[in-house]
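Okay, so here's the structure we're looking at.
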Amino acid sequence: MTKLTFIAHDGTPFDVEAENGSTVMENAIRNAVPGIEAECGGACACATCHVYVDEAWTAEVGEPEAMEEDMLDFAYDVQPNSRLSCQIKVRDALDGLVVRVPARQG
Numbered sequence: 547m548t549k550l551t552f553i554a555h556d557g558t559p560f561d562v563e564a565e566n567g568s569t570v571m572e573n574a575i576r577n578a579v580p581g582i583e584a585e586c587g588g589a590c591a592c593a594t595c596h597v598y599v600d601e602a603w604t605a606e607v608g609e610p611e612a613m614e615e616d617m618l619d620f621a622y623d624v625q626p627n628s629r630l631s632c633q634i635k636v637r638d639a640l641d642g643l644v645v646r647v648p649a650r651q652g
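Letter 56 of the sequence shown, counting from 1, is numbered 602 in the working numbering, and no numbers are missing.
Here's what the structure looks like:
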């Protein structure tokens, strides 16, 4: 299992054990992380699972692909470390990943 930490907008941390192959979004939903709405269910068709990847993890997580970049246009307060959590696949190399949930979703 891979450990993920979600930091809610109010600063509350949520530590989650995630299975490899799942997405960061799926694990947020399973564990009732506040602020992750995931209206499209992970189809990369909305921007309601927007997160900020902790700066220490941006290189390991990687850059968004073109479709994700298009959807991020609909997200609120996009930053250079913005990603859609439905597009981040959990794997061993992400053990300890920290993501922050924005104040609101797009």
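A virtual CB, placed ideally from N, CA and C, is assigned to each residue, including glycine.
| Item | Value |
| --- | --- |
| Beta-carbon spacing of N566, D638 below 8 Å | yes |
| Close beta carbons around E585, own chain, < 7 Å, minus the five adjacent residues each side | C592, T594 |
| N-terminal and C-terminal residue of the beta strand (DSSP E) that E563 is part of | 559-564 |
| Among E583, A554, T569, nearest to M678 - alpha-carbon criterion | Limits of the chain in this structure are 547 at one end and 652 at the other, which puts residue 678 out of reach. |
| Straight-line gap, A589 to D641 (C-alpha atoms, nearest Å) | 24 Å |
| Touch test, the segment 616-631 against the segment 645-652, Cβ-Cβ under 8 Å, three pairs minimum | yes |
| Sub-8 Å separation of P610 and L618 beta-carbons | yes |
| Assigned secondary structure, I582 (DSSP; H/G/I helix, E/B strand, else coil) | coil |
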